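When you line the sequence shown up against mature numbering (1 follows the signal peptide of the UniProt record, and there is no 0), it's residues -28 to -1, 1 to 96, in that order.
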Amino acid sequence: MAFSQMQKISAFCFILCMVVIISTHAEGAISCNTVYSKLMPCLSYLMGGSNQAAVPAGCCSGIQSLYTAASTTPDRQGVCFCLKSGAASLGNNIDTNKAATLLSKCRVPFPYKISANIDCSKIQ
């Protein structure tokens, strides 16, 4: 069944509104793709078990970069939600003890305890 002209205009307006809303919301925000790419060097450390004792330099530089970029509360909350989502997709493959100490090992001041139960909406 073909769309009528009015249905096409309505669909176009709806899509246009969604694009405007999403782009306005995303302005200044850090995308999950950015978070994941910055933290990719950390995966070998977090998933390597006890074999890898030292945190890779690329991991710490990625964390520092994210810490600097996340300058607002919405940015920090967004990064938190991305981290929770990414960690959930990796399941039990992450060494939670290493994850909990990663920020301090990279000398990044973060006043919240990193865990799967962190409430990202409470991050300031």
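Just so it is clear, CB atoms sit at the ideal spot from N, CA and C, and this is done for glycine as well.
Small disclaimer: the values here were computed from a predicted structure and weren't measured.
Counted within 10 angstroms of its Cβ, other Cβ atoms place residue 62 as buried (16 or more) or exposed: By the neighbour-count criterion, in which 16 or more other beta carbons inside 10 Å mark a residue as buried, residue 62 falls on the exposed side.
What is the rounded straight-line gap between the Cα of residue 3 and the Cα of residue 23? 31 Å
Taking the CB atoms as reference points, tell me whether residue 88 and residue 59 lie closer together than 8 Å. Taking 8 Å as the Cβ cut-off, residue 88 and residue 59 qualify as a contacting pair.
Does the separation of the CB atoms of residue 7 and residue 39 fall below 8 Å? The criterion of a C-beta distance shorter than 8 Å is not satisfied by residue 7 and residue 39.
Presumed contact (8 Å Cβ cut-off) between residue 92 and residue 32, rounded CB distance: About 22 Å; that fails the 8 Å criterion.
Quick check on the DSSP output: the alpha helix (DSSP H) that includes residue 73 runs from which residue to which? 68 to 77
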